[in-house]
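J.: Residue numbers (the numbering used here): 790 to 1076.
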Amino acid sequence: MNENALAVNGLTKQYKDFTLDGVSFAVPCGTIVGLVGENGAGKSTTMNAILGLIQKDAGTIEIFGKQDAQIDNAVRNRIGVVFDGNNFPDVLTARQLSNIFKKLYDEWDEGEYFALLQKISLPLDKKIKEFSKGMKMKLSIAVALSHHSQLLILDEATSGLDPVVRDDILDMFLDFVQDEGHSILVSSHITSDLEKVADYIVFIHQGKVVFVKPKDELRYQYGVLRCGKAQFEEIDRADLVAWRRQDYEWEALVADREAARRKYPKAVVDPATIDEIMLLYVKGEGQ
790 MNENALAVNG
800 LTKQYKDFTL
810 DGVSFAVPCG
820 TIVGLVGENG
830 AGKSTTMNAI
840 LGLIQKDAGT
850 IEIFGKQDAQ
860 IDNAVRNRIG
870 VVFDGNNFPD
880 VLTARQLSNI
890 FKKLYDEWDE
900 GEYFALLQKI
910 SLPLDKKIKE
920 FSKGMKMKLS
930 IAVALSHHSQ
940 LLILDEATSG
950 LDPVVRDDIL
960 DMFLDFVQDE
970 GHSILVSSHI
980 TSDLEKVADY
990 IVFIHQGKVV
1000 FVKPKDELRY
1010 QYGVLRCGKA
1020 QFEEIDRADL
1030 VAWRRQDYEW
1040 EALVADREAA
1050 RRKYPKAVVD
1060 PATIDEIMLL
1070 YVKGEGQ
């Protein structure tokens, strides 16, 4: 089995007012990779290039060991895609959709599709226009899972959903990757969702990859050091990743919070969320 379901190397796309600049990362088989960054950072451009929806200017994209021109319909049929929003005709029912997808996908599995709909409590014969946003997103994911997909590419799949529905969808992701031949690339602004399910985090800022790191390294090793001005001036900048001044204190990102606690016992060093790490990288000094 190929080590990576997806490998992106030096992906570049030039627009008039934006450049996706040499983006590189991989999605190992059996993992969930979270793609994060502010609006306009390049996440959707990256996904569109991977899917062949836009022409890249440079770099390579490898899917299931096939590179660029080798990526044919047989390869793409093994990819399940979910974008934010409903992409299905509202006048159809979930049952009627199956008849359409039988013609579109060589390996459409109607039995799997109906079983998934039952599992996630979606009605077969209700028109899609009567579905809530959460129901439509569950339907999109059920479709993505029902043609023997091995790689899911998901753009804001949990956006705007209530916590219960989001938790159901995250469970679907985790179930999917239990088979080590299955993998997921998911972009999300809800970083707490990625903290629950992702194995790796790819952080894109202004068209460039800032870091690719295991999620557990970010959660269990990184920290936010907080202290007053006098204390901050005594801290070795080499121990800090980035820092910024707040109203009454300084905040600094450290890559090893336990080492920072030992070295600077008078400072407060808290665990860092992915949001805090992104914010200090983007807004802080030192980078």
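Note that the Cβ used here is the ideal one computed from N, Cα and C, for glycine as well.
Can you check the segment 802 to 870 for any beta strand (DSSP E) of at least 3 residues that lies completely inside it and give the ranges in chain order?
T.: Correct list: 808 to 817, 821 to 825, 847 to 852.
J.: Looking only at its own chain, which residues have a Cβ that is under 7 Å from the Cβ of Leu-905, when we skip the five neighbours before and after it?
T.: To locate residue 905, count along the sequence shown from 1; it is residue 116. Here the set comprises Ala-931, Leu-934, Ser-935.
J.: Helix, strand or coil for Thr-980 per DSSP?
T.: Reading the sequence shown from its first residue, position 191 is the one you call residue 980. Three-state result, Thr-980: helix.
J.: How far does the alpha helix (DSSP H) with Phe-1000 in it reach, from first residue to last?
T.: Along the sequence shown, one-based indexing puts residue 1000 at 211. Per DSSP, Phe-1000 belongs to no alpha helix (DSSP H); it is in the beta strand (DSSP E), 997 to 1003.
J.: Pull the bridge partners of Asn-793 from the DSSP assignment, please.
T.: Here residue 793 refers to the residue found at position 4 of the sequence shown. Answer by DSSP bridge pairing, in chain order: Pro-817.
J.: Among the residues of its own chain, which have a CB less than 8 Å from the CB of Val-1071, if the five just before and after it don't count?
T.: Within the sequence shown, the letter at position 282 stands for residue 1071. Here the set comprises Glu-827, His-994.
J.: Contact check, Ala-794 vs Leu-893 under 8 Å by CB: the rounded distance?
T.: The residue labelled residue 794 in the question sits at position 5 within the sequence shown. The residue labelled residue 893 in the question sits at position 104 within the sequence shown. Rounded, the Cβ-Cβ distance is 22 Å, inconsistent with contact.
J.: How big is the Cα-Cα spacing for Met-790 and Ala-1019?
T.: Looking up residue 790 in the sequence shown gives position 1. Looking up residue 1019 in the sequence shown gives position 230. Bear in mind that a pLDDT of 47 at Met-790, under 50, signals an unreliable position, so the model cannot answer this.
J.: Helix, strand or coil for Phe-920 per DSSP?
T.: Counted from its first residue, the sequence shown places residue 920 at position 131. Looking at Phe-920 - three-state DSSP - the assignment turns out to be coil, as it is neither helix nor strand.
J.: So what does DSSP say about Asp-1036, is it helix, strand or coil?
T.: Translated into the one-based positions of the sequence shown, residue 1036 becomes position 247. In this structure, Asp-1036 counts as coil in the three-state DSSP scheme.
J.: Quick one: grab the DSSP three-state call for Glu-1022.
T.: In the sequence shown, counting from the first residue as 1, residue 1022 sits at position 233. Residue state, collapsed to three classes: helix.
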